[in-house]
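Following: one structure in structure tokens, then a few remarks.
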Amino acid sequence: MKGLKQIMTSIKSQTLKRNISDISLSGKIIRGLTFPIIVIAIWEVAARQAIIDPYFLPSPSSISYTYIDMLSSGLLQTHLLTSLQRLIYGFFIAATIAIPIGILVGKTRTFRHWVNPTLSFLQQIPPIAWIPIFILWLGIDEASKVAVIVYAAFFPIFLNTVQGVISVDPKLIEVGRSFMLTPGEMIRRVYIPSAAMTIFVGLRLGLSNCWRALVGAELIAASSGLGSLIMDARNFSQADRIFVGIFTIGVAGLLIDYLLRRIESKLMPWKKMYQAGGQS
Amino acid sequence: MKSILAVKNINKTFYSDWGEVEALRSISFACSKGEFISIVGPSGCGKTTLLRIIAGLENPNEGEISIEGNHAKGPGNDRAVVFQDPRLFPWLTVEKNAAFGIQNLSKEEVKSKLDSILKLVGLENFRKAFPYELSGGMAQRVAIARAVAFKPKVLLMDEPFSALDAQTRARMQLELVNLWQKTGKNIILVTHDINEALLLSQKVLIMSSSPGTIKETVEVPFSYPRDVDTTEFLRLKKHITSNVF
């Protein structure tokens, strides 16, 4: 109860804080954009004054012309869609494997002792390092790329699920016991919702991890996707196309993360309580 | 009167790295139908442990709990607990928290049950609120509603009002008497507040500490609503106070 009071007061202070941050929201956006705009402006001027060689660094305006060209021909969309498709496959496979195993490992301490060292070892290996062997095993086609993504997403999702399950409030578990929940109900009604927020953090980290791993995989071996677009451009020394690829990767990554955050706050309206720093 | 709950010769010792602590020794008492019993005692006397054993959340080393003559091992749907802190599920709304323990009922039945219970605890206008939006008193009311909705024979309460401010506590105490009279449930209330015990219950068990034993059982003969200023009330309070400390 004392905890609840603290939460209430911290929520009050939080709403105050939120008001302040609301006021500066547009200010924040402006501040956030200032730096890139300055850089682009300097870059453009430098390119026009022929200070830099467009062969190595094309001007922002010529990059944007290329960008429009690639958009109107549909080339960019095709590559982007291919990449996104791989991302979605891999991500969903990873989540379906990592969440259940994470719950199991989080709930059973002995299991944790058995698998922890192995997982800590695997965690150290960057996904890219697996690409050659995945290609050897699964061929050069989609499967090897999806496998890399699964690998990249697995650990953040898995580790956060375990963490979320371990840190379920034992008091709530006791409430579940006193209401005679079966083990299955306990997982569904107490563990999963309790851990949901931490699991979501894992999903977000996993997704951004996969995005990076995917581009890496496509750079090494692919005939389509944003990574291969960049590699093709490099082979033809088209720096402007390389930049279009790079910017698309960054922007798409940002949008994916934003989308996931929106889903998160839709799914978990009670999240505010935790963000207020309250611990019940 | 027939006894609903019987506590028979409970012993409990905790073992830990630094030794063992005898928490409860040969605790026995019975609770007849509809009775409201309080357990008071100094902090650390094992009253919460006793309540947890009755709830089935902890096992005694010896002795047994029986409900209507049946041996009760572990938690059961004949008992429900209201803890010291509300322990609501932060991801559920008030009504879903209150309905947490309800099983095997159709949607309409759950709804009508919730309607009456939320009304009973005065939360009918907060059905869709989340726990973080509630005050301490409101949250504790949801916890009480959740326990009552479980339809237990015995309601076990572990210092449910101790974290509330004085006014809220006084109001909740009145509401609890009201709820008890309306539902006719058995209530066992653990409290360190002697005034609360005398104000609410028909019988007060006084515990002494290390090890926890029942030192005395005091019948409270006053009718409800009770007046805390009568000489009889004050005399009884004095008697219990001198026995507790």
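Residue numbers (the working numbering), protein chains in the order written: chain A, 1 to 280; chain B, 1 to 245.
Glycine included, C-beta positions come from ideal geometry on N, C-alpha and C.
This structure is a prediction, so every number in the text was calculated from the model and none was measured.
Q. Between the segment 257-271 of chain A and the segment 3-11 of chain B, do at least 3 Cβ pairs fall closer than 8 Å?
A. no
Check: In the DSSP assignment, what are the bridge partners of His239/B?
Finding: Paired residue(s): none; His239/B is not in a bridge.
For this session: Just mark Tyr116/B as buried or exposed, buried being the case when its beta carbon has 16 or more other beta carbons within 10 Å.
Result: The amino acid at residue 116/B is misidentified as Tyr; the sequence shows Ser. The residue is exposed, with fewer than 16 neighbouring Cβ atoms inside 10 Å.
Is it buried or exposed, Val45/A, if we count other Cβ atoms within 10 angstroms and call 16 or more buried? exposed
TODO: Report the three-state DSSP secondary structure of Tyr89/A (helix, strand or coil).
DONE: helix
- Item | Lys107/B: CB within 7 Å of a non-hydrogen atom of the ligand GDP | Questions concerning the ligand GDP fall outside what the structure shown contains, since it holds no ligand whatsoever.
Return the chain-ordered list of same chain residues with a C-beta closer than 6 Å to the C-beta of Ile37/A, the five sequence neighbours on each side being excluded. none
Where DSSP assigns a beta bridge to His71/B, which residues make up the other side?
Ser66/B
Inset, instruction - Taking Ala149/B as the reference, give the member of Asp78/B, Ser201/B, Ala129/B with the closest Cα. - result: Asp78/B
Kindly say whether Leu57/B, judged by its beta-carbon, lies nearer than 8 Å to any beta-carbon of chain A.
yes
### Query
Can the beta-carbon of Leu120/B be found less than 8 Å from the beta-carbon of Ala99/B?
no
Quick check: the segment 139-150 of chain A against the segment 206-221 of chain A, are at least 3 beta-carbon pairs closer than 8 Å?
yes
task = Compute the Euclidean distance between the alpha carbons of Thr230/B and Lys237/B, then round it to the nearest angstrom.
result = 11 Å
Any idea if Ala147/B is buried or exposed, counting beta-carbon neighbours within 10 angstroms, 16 or more meaning buried? buried
Item to complete: For the beta strand (DSSP E) containing Val218/B, list its first residue and its last residue.
Response: 213-219
- Distance between beta carbons of Met172/B and Gly137/B, contact taken as under 8 Å: 6 Å
**Prompt:** Are there 16 or more other CB atoms within 10 angstroms of the CB of Gly74/B, so buried, or fewer, so exposed?
**Reply:** exposed
Every unbroken beta strand (DSSP E) within the segment 161-238 of chain B, with a cutoff of 3 residues, ordered by chain | 186-190, 203-208, 213-219
Which parts of the segment 104-137 of chain B are runs of the alpha helix (DSSP H), unbroken and 4 residues or longer, counting only runs that do not cross its ends?
107-120
| said: Mapping the DSSP letters down to three states, classify Tyr55/A as helix, strand or coil. | reply: coil
> Does the beta carbon of Phe126/B come closer than 8 Å to any beta carbon on chain A?
Replying inline: no
- Query: alpha helix (DSSP H) containing Arg109/A: first to last residue?
  - Reply: 109-123
Closest Cα partner of Ser223/B within the set Met207/B, Cys45/B, Thr217/B, Leu200/B = Leu200/B
* Proximal residues of chain A, C-beta to C-beta of Val259/B below 7 Å -> There is no way to answer for residue 259/B, as the model of chain B reaches only from 1 to 245.
query = If we cut at 8 Å on Cβ distances, does Asn77/B have a partner in chain A?
reply = yes
| message | Quick check: Ala143/B and Val82/B, are their CB atoms within less than 8 Å of each other? | response | yes
Requested in this report: Tell me, please, whether the CB atom of Trp130/A is closer than 8 Å to any CB atom in chain B?
Outcome: no
Margin query: Please tell me whether Ile263/A has its Cβ less than 8 Å away from any Cβ of chain B.
Written below: no
Return yes when the Cβ of Lys47/B is within less than 8 Å of the Cβ of Ile39/B, no when it is not. yes
Can you pull the chain B neighbours of Leu172/A, defined as C-beta to C-beta under 8 Å? Arg87, Phe89
Taking the C-alpha atoms as reference points, what is the distance between Phe154/A and Thr161/A?
10 Å
Point to revise | DSSP three-state assignment for Thr34/A, whether helix, strand or coil | key: helix
Query raised in the report: Does Gly34/B come within less than 8 Å of chain A when only Cβ atoms are used?
Result: no
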